[in-house]
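Shown next, in structure tokens, is the structure this report addresses.
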Amino acid sequence: MRKRGSRPLWPNWRRRTAAPNANVAAAPRSGAGGVVHDPYAEAKARTEERSRLFSQLALVASVLLFFVFVAGFEEATTIGLIVGIFLSRRIYRVLVAPHLERKWLAEELELLRAKSSLDVPRADHRSRNVEVLSASIAHEIRNPITAAKSLVQQIGEDPSAPENLEYAQVAIEELDRVERSIAHLLRFAKEEPIQLGPVALEEVVASAVESFRDRFERDGVKLEQSHDTSLVLTADAEKLRRIVINLISNALDAMNDAGTKSPVVQISSGLNLSGNLAWLAVRDNGPGIEPDRAERIFSPFHTSKASGTGLGLAIAKKLAEAHGGTLEVKSERGRFTEMILTLPRTREEASE
């Protein structure tokens, strides 16, 4: 036990614990509403800490200058290095770290703002797509069901009528149309995962063309192709094949419905000048598309064909966008229609 009047073991303990310091001044205060920060106290603490650091640096500079005159340059340099090592962490914490933290925070906030500004248009775009799709579904399904209902009612009015067999057949065809529309709709609405891997574009096109070989011969359609045989990109081969099939089918249907003389389908592919994008073009010499309709051909259920569902090009565009690519149309009425698919060549380019 320490004797009365003796010197305390830690003479500065009370003073150190009682005296305010920078950390205490900068600490958050708790109130009824939670933690409250005092910006003035924090700024004052940072200023005081910088002042103390500069005072220490000035003292060190004075000592070093003294050693230069008394002990020589080499000794002063050695002492300066030793002191610099001890002060380097404090210099970084007081002078460098706050600027870096502010810079990094500003960059993170800028990224968050950019991301939120992109998310809003995407959400609006999805909302508009849902509205358009809902209206299209109602129209596409209601019409054949109404027709089938009317035919069944006519059959019920006179079950022995000779034309009932024809009515029944037409009603079945209308219901088949509804079934096809629902099947295509489910495929369009389904979020299918993209399985990326190395794909030779020419091989995908060859596989898709083979599916139409009989139809090319039957309809007398001439096929012209031009491909970069060395072109390999990162994509989902099966979904890319579905895109090409939809584009070829659309070209053949357009020329057949218009009765195009000497029909020709041209399929070509290659890379852009930078080499980071692959492109595929399917061109026909059919009737072309009116400018006002060209803006709607990728909309769900939009079709000019009596037997089509109007989802082929919509699905193709959706699959292209799932790859990070685009699907566009160029057309001149009475001359040609060209569908142009553009895809990132690699996974890294797709994510940029």
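Residues 93 to 444 in this note's numbering are what the sequence shown lists, from first letter to last.
Idealized CB from N, CA, C, for every residue including glycine.
For clarity, every value in this text was computed on a predicted model and none was experimentally measured.
Practice task
Kindly list the residues whose CB is nearer than 7 Å to the CB of Gly417, restricted to its own chain and excluding five residues on each side of it in sequence; keep chain order.
Solution key: Leu433, Thr434, Leu435 and Pro436
Problem - Spatial distance of Pro379 from Lys410 (CA atoms) - result: 25 Å
Problem - Classification of Leu203 by the beta-carbon crowding that lies within 10 angstroms, buried from 16 upward - result: exposed
Handout entry: Nearest candidate by alpha-carbon position, reference Ala386, set Glu271, Arg234, Lys353 and Lys422
Key = Minimum Cα distance to Ala386 is reached at Lys422.
Exercise for the section: Return yes when the Cβ of Ser360 is within less than 8 Å of the Cβ of Ser318, no when it is not. Expected result: yes
Handout entry: C-alpha distance - Glu413 paired with Leu403, whole-angstrom precision
Key = 15 Å
Problem - DSSP three-state assignment for Ile247, whether helix, strand or coil - result: helix
Exercise for the section: Specify the secondary structure class of Glu284 as computed by DSSP and reduced to three states. Expected result: coil
Problem - For Asp376, three-class secondary structure by DSSP - result: If DSSP states are grouped into helix, strand and coil, Asp376 belongs with the strands.
Exercise for the section: Check Phe308 in the structure and name its three-state DSSP category. Expected result: Note: Phe308 maps to helix in three-state DSSP.
Practice task
Report the three-state DSSP secondary structure of Pro254 (helix, strand or coil).
Solution key: coil
Practice task
Using three-state DSSP, classify Ile381 as helix, strand or coil.
Solution key: Three-state result, Ile381: coil.
Exercise for the section: Tell me Val357's beta-bridge partners as DSSP assigns them. Expected result: Leu315 and Asp376
Practice task
Using beta-carbon positions only, say whether Phe304 and Leu339 come within less than 8 Å of one another.
Solution key: no
Exercise for the section: Determine the DSSP secondary structure at Ser273, reduced to helix, strand or coil. Expected result: helix
Handout entry: Where the beta strand (DSSP E) through Leu403 begins and ends
Key = Per DSSP, Leu403 belongs to no beta strand (DSSP E) and is neither H nor E.
Exercise for the section: Would you tell me roughly how many angstroms separate the C-alpha atoms of Arg99 and Glu200, rounded to the nearest one? Expected result: For Arg99, the predicted model reports a pLDDT of 46, less than 50, meaning its position is unreliable; a value from the coordinates is still stated below. When rounded, the distance between both Cα atoms is 55 Å.
Practice task
Name the one or two DSSP bridge partners that Lys422 has.
Solution key: Glu430
Handout entry: Within 8 Å, strictly: CB atoms of Ala373 and Glu424
Key = no
Practice task
Give the straight-line distance between the Cα atoms of Arg427 and Leu315, rounded to the nearest whole angstrom.
Solution key: 17 Å
Handout entry: Under 8 Å between C-beta atoms of Thr238 and Thr326
Key = no
Practice task
Quick one: residues in its chain with C-beta nearer than 8 Å to the C-beta of Ser341, no 5 flanking neighbours on either side, listed in chain order?
Solution key: Phe304 and Gly404
Problem - Exposed unless 16 or more other CB atoms sit within 10 angstroms - verdict on Ala198 - result: exposed
Practice task
Can you have a look at Val296 and say buried or exposed, based on whether 16 or more other CB atoms are within 10 angstroms of its CB?
Solution key: buried
Exercise for the section: Please state if the CB of Asp311 and the CB of Pro251 are separated by a distance shorter than 8 Å. Expected result: No.
Practice task
Could you work out which residue in Leu365, Pro236, Gly248 and Asn377 is closest to Asp349 when comparing CA atoms only?
Solution key: Asn377
Exercise for the section: Give a yes or no on whether the C-beta atoms belonging to Val244 and Ala263 are separated by under 8 Å. Expected result: yes
Exercise for the section: Specify, as a first and last residue, the run of the beta strand (DSSP E) that Leu344 falls within. Expected result: From DSSP, Leu344 is part of no beta strand (DSSP E) but of the alpha helix (DSSP H) over Ala329 to Ala350.
Exercise for the section: Report yes if the CB atom of Gln287 is closer than 8 Å to the CB atom of Asp328, and no otherwise. Expected result: yes
Exercise for the section: Starting from the C-beta of Leu363, find all residues in its chain whose C-beta is less than 8 Å away, skip the five residues before and the five after it, and write them out in chain order. Expected result: Asp320, Leu323, Leu369, Ala370, Trp371 and Arg437
Practice task
Kindly list the residues whose CB is nearer than 8 Å to the CB of Arg333, restricted to its own chain and excluding five residues on each side of it in sequence; keep chain order.
Solution key: Val296, Ser299 and Ala300
Exercise for the section: For the beta strand (DSSP E) containing Gly289, list its first residue and its last residue. Expected result: It spans Gly289 to Ala292 - the beta strand (DSSP E) in which Gly289 sits, taken as one unbroken run.
Practice task
Mark Lys353 as exposed unless 16 or more other C-beta atoms lie within 10 angstroms of its C-beta, in which case mark it buried.
Solution key: exposed
Problem - Collapsed DSSP secondary structure at Thr238 in the structure displayed - result: For Thr238, the secondary structure class from DSSP, reduced to helix, strand or coil, is helix.
Handout entry: Whole-Å CB distance - Ala292 paired with Glu266, under 8 Å assumed
Key = About 43 Å separates the two Cβ atoms, so there is no contact after all.
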